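Visitor: The sequence shown begins at 608 in my numbering and counts up one residue at a time.
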Amino acid sequence: MEYSPKLVTMGKQKIVLPGGGGFIGRHVIRHFATKGWEVVVLSRQCHERREGVRFVWWDGANLDAWADELDGAEAVINLAGRTVNCRYGKKNRRQIYDSRESSTEVTGEAIAECATPPKVWFNASSATIYRHSLDRDMDEATGEIDPVPKGGPRNKWEFSVDVVNRWERALFNAATPNTRRIAMRLSMVFGTGTGGVFEAFRNITRLGLGGTQGPGMQYVSWLHVEDFLAMLDWCLEHEQLSGPINMCSPNPMPNRE
Numbered sequence: 608m609e610y611s612p613k614l615v616t617m618g619k620q621k622i623v624l625p626g627g628g629g630f631i632g633r634h635v636i637r638h639f640a641t642k643g644w645e646v647v648v649l650s651r652q653c654h655e656r657r658e659g660v661r662f663v664w665w666d667g668a669n670l671d672a673w674a675d676e677l678d679g680a681e682a683v684i685n686l687a688g689r690t691v692n693c694r695y696g697k698k699n700r701r702q703i704y705d706s707r708e709s710s711t712e713v714t715g716e717a718i719a720e721c722a723t724p725p726k727v728w729f730n731a732s733s734a735t736i737y738r739h740s741l742d743r744d745m746d747e748a749t750g751e752i753d754p755v756p757k758g759g760p761r762n763k764w765e766f767s768v769d770v771v772n773r774w775e776r777a778l779f780n781a782a783t784p785n786t787r788r789i790a791m792r793l794s795m796v797f798g799t800g801t802g803g804v805f806e807a808f809r810n811i812t813r814l815g816l817g818g819t820q821g822p823g824m825q826y827v828s829w830l831h832v833e834d835f836l837a838m839l840d841w842c843l844e845h846e847q848l849s850g851p852i853n854m855c856s857p858n859p860m861p862n863r864e
């Protein structure tokens, strides 16, 4: 991906990362801190302070002192959400829903109260919002959103789609007219470091479970974390971009490959 570094090399700018303590968040912290940005991470956990990076407590559900950090920020990147690498029991499903909806809603409330709101709000989302397709690519303009029955999801796939629909609804229903909003429809993000999907794939492969699943025809959409960071830079610079944006490689591969 080609992009101009014009915006990201301008002086001291501030970026706020709700839920930025995970695998992707650690790479985002490194990326912007290296460029000289002031990085503020909103987290439930205490972390060692490092140059250019501050950790501020939040619970992901209620307005508190953390909300002041958003005022005057260049960008907010909300990565909060319980991991989906778990059994989909009733308790875990509720936490997956709540952690995404609540963190997005309260981020919107905080932005709405800012005297100088952030210029852009990136919110995590997922490419699983689209129907499973072997016949065509799913882009932002013509992609087919998988329907969820009125009675609620009946299986794990419909549950995943429902989560993303609620997640994006919380983003785009927020009363933040002066802030550009981007739903990052992420595929699987690969990269080094603990907690990422590559680590999970490596572990199951070591157990001899890394082969073809079923017919192996299903496509696997993915993205390297460095390309994800480049996409953030691109979206920051191109202020005309808003709405849902697919963040994945243009060349998905069948599972058997």
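All residues carry an ideal CB built from backbone N, CA and C; glycine is no exception.
Note that this is a predicted model, so its numbers are computed, not measured.
Which residue comes first and which comes last in the beta strand (DSSP E) that contains Arg661?
Guide: Arg661 -> beta strand (DSSP E) spans 660-664.
Visitor: If I follow the unbroken beta strand (DSSP E) through Lys621, where does it start and stop?
Guide: Its beta strand (DSSP E) spans residues 621-625.
Visitor: Span of the alpha helix (DSSP H) holding Arg701?
Guide: That run of the alpha helix (DSSP H) goes 697-719.
Visitor: Compare the Cα-Cα distances from Ala668 to each of Asn730, Gln702, Ser710 and report the closest residue.
Guide: Ranking the options by Cα distance to Ala668, first place goes to Ser710.
Visitor: Do Glu775 and Asn730 have their C-beta atoms closer together than 9 Å?
Guide: For Glu775 and Asn730, yes; Cβs fall inside 9 Å.
Visitor: Which of helix, strand or coil does DSSP assign to Met838?
Guide: Reduced to three states, the DSSP call for Met838 is helix.
Visitor: Check whether the Cβ atoms of Ala790 and Ile852 lie closer than 9 Å to each other.
Guide: Yes, the pair counts as a contact, with Cβ atoms nearer than the cut-off.
Visitor: Where do the N-terminal and C-terminal ends of the beta strand (DSSP E) with Trp728 fall, by residue?
Guide: Here the beta strand (DSSP E) through Trp728 covers 727-733.
Visitor: DSSP three-state label for Asn858, please.
Guide: If DSSP states are grouped into helix, strand and coil, Asn858 belongs with coil.
Visitor: State yes or no: is the C-beta of Val683 within less than 9 Å of the C-beta of Phe662?
Guide: The answer is no: Cβ separation not under 9 Å.
Visitor: What does Pro851 pair with, by DSSP beta-bridge criteria?
Guide: Ala790, per the DSSP bridge assignment.
Visitor: State the beta-bridge partners of Glu645 as determined by DSSP.
Guide: Answer by DSSP bridge pairing, in chain order: Lys621.
Visitor: Report the three-state DSSP secondary structure of Met608 (helix, strand or coil).
Guide: Since pLDDT at Met608 reaches only 38, below the 50 mark, its modelled position is unreliable, and the value read off the structure follows with that caveat. Coil, per DSSP.
Visitor: Excluding five sequence neighbours on each side, which residues of the same chain lie with their C-beta closer than 8 Å to the C-beta of Tyr826?
Guide: Excluding positions up to five away in sequence, the list reads Ser740, Leu741, Pro859, Met860, Pro861, Asn862.
Visitor: Can you confirm whether the stretch 696-710 touches the stretch 631-646 when touching is taken to mean that 3 or more C-beta pairs between the two stretches lie within less than 8 Å?
Guide: The stretch 631-646, when compared against the stretch 696-710, does not touch it at the 8 Å Cβ threshold.
Visitor: In the structure shown, what three-state DSSP assignment does Ser650 receive?
Guide: Three-state result, Ser650: strand.
Visitor: My understanding is that Gly688 touches Gly626, with C-beta atoms under 8 Å, so please give their C-beta distance in whole angstroms.
Guide: 7 Å between Cβ atoms; contact.
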